[in-house]
Every structure is written in C-alpha cells, then in structure tokens.
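Numbering (this note's numbering), first residue to last: 1 to 148. Note that beta-carbon positions come from the ideal geometry of N, C-alpha and C, so glycine has one too. Small disclaimer: the values here were computed from a predicted structure and weren't measured.
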C-alpha cells in the first residue's frame, strides 16, 4: 500500500480533530484503519510531548511558511466577449506567456520574539535551493541564528 500523501495526512488529522471515528476517516480517505490509528497515535504522542514544554523551549521554535501566487489567470485562459467578425482584430487579441506566466513566491516566519520576512521571490522558476536559502537567511536579519 502506498504511503499516505501529505494532503491526505492533513485531511485525516482534520477529520480526527473534528471528532470523526477512525473507521469513518479511513473510509473517506480510502486507507486502512490501522494507518489512521497510527496517525492518531503519533498525533497524541506529539501533543503529549509538546504539552510539557515550558516557555524556554518554545522560544527556540520557529514556524515558517511559504506561499505561491499565480499573477496571471489560474488556468491561463482569458474570457473574451466579441461580436461575429471580430475574431482576429487587434482589440480582440492578447499575447500571453505559453510557459506559465508570472508568479510570485513569498516566505515568512514567526517565533516567540521575532517576525521574519516577508521575503519575496518574483521569479520562482529562477530560484534554486542555494538562492532560496540565502534570500531567506538575509531576510531574517540574523533572527534565525538566535534560534539555532
């Protein structure tokens, strides 16, 4: 049986936290009940471990997230209303990028005492791992080093 995808794992956790029984969650996601049982068990272990943390331990945690935004239309199509005979007139034509169009990626993080970012990547296709890490580190202004 294949591994549970990240999307299905988050979906299962949400359904469990909403109070659905393991059998119902396993049916909705179409996985074995033991998979959901182990997932719930790991969730409880993590909750128990983190519940015992004090403020000093929580100060060393950094929560980060990144989001990608498509600047052009989501499906690449532009809806145009035109009269018959206007098909190839200049006012009815629009050039577009066949290779994905414009996009934007944003990264940010928060910790107990700091807010880091946002760091913007205007051309995410030109960003490799090294560039990404350098930009995020420079955007943190040293805040990440205080948590290392």
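Review point. Helix or strand or just coil, what does DSSP make of residue 102?
Key: Here the question's residue 102 lines up with position 102 in the chain shown. Residue state, collapsed to three classes: coil.
Review point. Quick one, which of 58, 70, 52 and 50 has its alpha-carbon nearest residue 181's?
Key: Absent from the model: residue 181. The displayed extent of the chain is 1 to 148, so no value can be given.
**Study point:** Residue range of the unbroken beta strand (DSSP E) whose run includes residue 66
**Key:** Within the chain shown, the letter at position 66 stands for residue 66. Taken as a continuous stretch (DSSP letters only), the beta strand (DSSP E) holding residue 66 covers 62-70.
Exercise for review: Apply the 10 Å Cβ neighbour rule to residue 107 and answer buried if 16 or more other Cβ atoms are within range, or exposed otherwise.
Suggested key: Within the chain shown, residue 107 is the residue found at index 107, counting from 1. It is buried - the Cβ of residue 107 has at least 16 other Cβ atoms within 10 Å.
Review point. Considering only the beta carbon of each residue, do residue 71 and residue 52 sit closer than 7 Å?
Key: Taking the first residue of the chain shown as position 1, residue 71 is located at position 71. Taking the first residue of the chain shown as position 1, residue 52 is located at position 52. Contact flag unset, no.
Review point. Under the three-state reduction of DSSP, which class applies to residue 108: helix, strand or coil?
Key: Against the chain shown, residue 108 aligns to sequence position 108. Looking at residue 108 - three-state DSSP - the assignment turns out to be strand.
Review point. From the DSSP output, which residues share a beta bridge with residue 119?
Key: On the chain shown, residue 119 is found 119 positions in, with the first residue counted as 1. Residue 119 pairs with 107.
**Study point:** Reduced DSSP secondary structure (H/G/I, E/B, other) of residue 19
**Key:** Taking the first residue of the chain shown as 1, we reach residue 19 at position 19. Note: residue 19 maps to coil in three-state DSSP.
Exercise for review: Measure the C-alpha to C-alpha separation of residue 90 and residue 123 and round it to an integer number of angstroms.
Suggested key: Working through the chain shown from its first residue, we reach residue 90 at position 90. Working through the chain shown from its first residue, we reach residue 123 at position 123. The straight-line gap from Cα to Cα measures roughly 29 Å.
Practice item. Starting from residue 41, follow the alpha helix (DSSP H) in both directions and report where the run begins and ends. Key: If you number the chain shown from 1, residue 41 lands on position 41. Residue 41 -> alpha helix (DSSP H) spans 33-51.
**Study point:** Cα-Cα separation between residue 14 and residue 81, rounded to whole angstroms
**Key:** The residue given as residue 14 occupies position 14 in the chain shown. The residue given as residue 81 occupies position 81 in the chain shown. Each residue's Cα considered, the two are about 42 Å apart.
Exercise for review: Using alpha carbons as the reference points, say which of 8, 133, 116 and 129 lies closest to residue 63.
Suggested key: By one-based count along the chain shown, residue 63 stands at place 63. Nearest C-alpha to residue 63: 116.
Check your understanding: Starting from residue 55 and walking both ways along the alpha helix (DSSP H), at which residues does that stretch end?
Key -> Locating residue 55 in the chain shown gives position 55, counting from the first residue. It spans 55-58 - the alpha helix (DSSP H) in which residue 55 sits, taken as one unbroken run.
Exercise for review: With DSSP collapsed to three states, give me the class of residue 8.
Suggested key: For the purposes of this step, residue 8 is taken as residue 8 along the chain shown, with counting starting at 1. Reduced to three states, the DSSP call for residue 8 is helix.
Review point. In chain order, what residues of the same chain lie with their CB nearer than 7 Å to the CB of residue 65, ignoring the 5 residues before and after it?
Key: The count along the chain shown starts at 1 and reaches residue 65 at position 65. Closer than 7 Å at the Cβ level, and outside the excluded window around residue 65, lie 108.
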